[in-house]
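Trainee: Pasting a structure here, questions to come.
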Amino acid sequence: MEMEQRRFSWLAVLIIVIVSISVYTSAFLGGVALGRALERNKSPAAFNTAVDDDTHGRSSSVVKKVGPWGGSGGWHDFGLRGFTVPRRLNSITLYHSNNGTIHSLSFDYYIRHKLVQNGPWGQPQSFDSVAVGETVTAVMGTIGHFRDVIEPVITSLTFRTNTGGTYGPYGGSGEHGTRFSMLADKGCIVVGFCGRAGWLVDSIGIYHRKKARH
């Protein structure tokens with residue numbers, strides 16, 4: 001009787017060991033497979049060149065970056081991310097105060113017929129929405145100080161389009177501070193923005209590319 005109990009005990013231990021090894025092996029292999037899948041799907045934090053879904057690698061898909069202009073404050077970097085380039089901006093929304101600062105910026109564009117929202121970056125206040133029926137070709141503005149903020153920030157922004165239209169200045173009057181301008185190359189349009197933001201928009205730059213052929 002005692003011998004049979006010992007055999008049963010050893011058999012139970014053996015079964016537990018085999019089951020544990022099987023579970024550990026399955027979990028290990030599953031973890032390796034998941035790790036490889038995530039590694040394949042990693043997306044870069046930013047890009048300089050990319051391919052638009054509609055252009056399939058033609059020269060019009062090359063994106064150039066200008067800037068950013070402004071201060072080094074803020075705690076969030078923003079910009080276009082991924083491999084797909086917007087064909088054009090759909091709208092720009094600025095949250096600003098008339099006493100001289102840009103509190104927040106957001107913009108949207110279409111990717112594969114889907115509207116993509118980027119932002120808002122900064123803190124929402126009163127806002128103006130700029131519907132871009134035309135294409136943006138230049139961004140101008142001023143850099144200065146706002147209230148007790150130590151680092152310089154973006155104090156005004158103005159947008160120019162391919163038809164010669166001008167939107168702005170938003171924020172301050174644009175008469176005070178250090179002026180800057182960012183122009184898209186000839187035959188190119190602005191498709192996105194980059195920079196830094198915290199409580200305010202601290203710096204801003206542009207992405208531009210050749211105008212996509214329809």
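The opening position of the sequence shown corresponds to residue 1 in the UniProt record's numbering, with each subsequent residue numbered one higher. Yeah, the Cβ is synthetic: ideal placement off N, Cα and C, and Gly gets one too. The structure displayed is predicted, hence computed values, not measured ones.
Got a sec, what are the start and stop residues for the beta strand (DSSP E) T84 sits in?
Mentor: Taking the first residue of the sequence shown as 1, we reach residue 84 at position 84. Where T84 is concerned, there is no enclosing beta strand (DSSP E), given that its DSSP letter is neither H nor E.
Trainee: Taking contact to mean 3 or more Cβ pairs, one atom from each stretch, closer than 8 Å, check whether the segment 87-100 and the segment 131-147 are in contact.
Mentor: The segment 87-100 is in contact with the segment 131-147.
Trainee: Tell me I102's beta-bridge partners as DSSP assigns them.
Mentor: Here residue 102 refers to the residue found at position 102 when the sequence shown is read from its first residue. Its beta-bridge partners are H96.
Trainee: When burial is assigned at 16 or more other CB atoms within 10 Å of the CB, is L115 buried or exposed?
Mentor: Residue numbering aside, residue 115 sits at position 115 when the sequence shown is read from its first letter. The residue in question, L115, is exposed, as its Cβ has fewer than 16 Cβ neighbours within 10 Å.
Trainee: Which residues in the same chain as V207 place their Cβ atom closer than 6 Å to its Cβ, once the five residues preceding and following it in sequence are excluded?
Mentor: As a working note, residue 207 is residue 207 in the sequence shown. A small fix is needed here, since residue 207 is Tyr in this sequence, not Val. V63, K65, L80, V191 and G192, listed in sequence order.
Trainee: Whole angstroms are fine: how far does the CA of S173 sit from the CA of I204?
Mentor: Taking the sequence shown and counting its residues from 1, one reaches residue 204 at position 204. Taking the sequence shown and counting its residues from 1, one reaches residue 173 at position 173. So the two alpha carbons sit approximately 18 Å from each other.
Trainee: How many Å lie between T161 and G71 at the Cα?
Mentor: As a position in the sequence shown, residue 161 is number 161, starting the count at 1. As a position in the sequence shown, residue 71 is number 71, starting the count at 1. Rounded to the nearest angstrom, the two C-alpha atoms are 26 Å apart.
Trainee: What is the DSSP secondary structure of H208, counted as helix, strand or coil?
Mentor: In the sequence shown, residue 208 corresponds to position 208, counting from 1. The answer is strand: DSSP assigns H208 an E or B state.
Trainee: Tell me where the beta strand (DSSP E) around R196 begins and ends.
Mentor: Numbered from 1 along the sequence shown, position 196 holds the residue referred to as residue 196. Where R196 is concerned, the enclosing beta strand (DSSP E) stretches over C188 to A197.
Trainee: From A197 to T166, what distance separates their C-alpha atoms?
Mentor: Residue numbering aside, residue 197 sits at position 197 when the sequence shown is read from its first letter. Residue numbering aside, residue 166 sits at position 166 when the sequence shown is read from its first letter. Spanning the two alpha carbons is a distance of roughly 24 Å.
Trainee: Would you call W69 buried or exposed, if buried means 16 or more other Cβ atoms sit within 10 Å of its Cβ?
Mentor: Residue numbering aside, residue 69 sits at position 69 when the sequence shown is read from its first letter. The residue in question, W69, is buried, as its Cβ has 16 or more Cβ neighbours within 10 Å.
Trainee: Are the beta-carbon atoms belonging to F180 and G141 less than 8 Å from one another?
Mentor: Taking the sequence shown and counting its residues from 1, the one referred to as residue 180 is at position 180. Taking the sequence shown and counting its residues from 1, the one referred to as residue 141 is at position 141. Yes, the pair counts as a contact, with Cβ atoms nearer than the cut-off.
Trainee: Assign T101 to buried or exposed, taking buried as 16 or more other Cβ atoms, counted over all protein chains shown, within 10 Å of its Cβ.
Mentor: The sequence position of residue 101 within the sequence shown is 101, counting from 1. Counting Cβ neighbours within 10 Å, T101 comes out buried, since at least 16 surround it.
Trainee: Which same chain residues end up closer than 7 Å to W187 when comparing Cβ atoms and leaving out the 5 residues on each side of it in sequence?
Mentor: Translated into the one-based positions of the sequence shown, residue 187 becomes position 187. Before going on, a small fix: residue 187 reads as Gly here, not Trp. Counting only Cβ-Cβ distances below 7 Å, and skipping sequence neighbours, we find K210 and K211.
Trainee: Roughly how many angstroms lie between the CA atoms of V201 and D148, to the nearest whole one?
Mentor: Taking the sequence shown and counting its residues from 1, the one referred to as residue 201 is at position 201. Taking the sequence shown and counting its residues from 1, the one referred to as residue 148 is at position 148. Spanning the two alpha carbons is a distance of roughly 15 Å.
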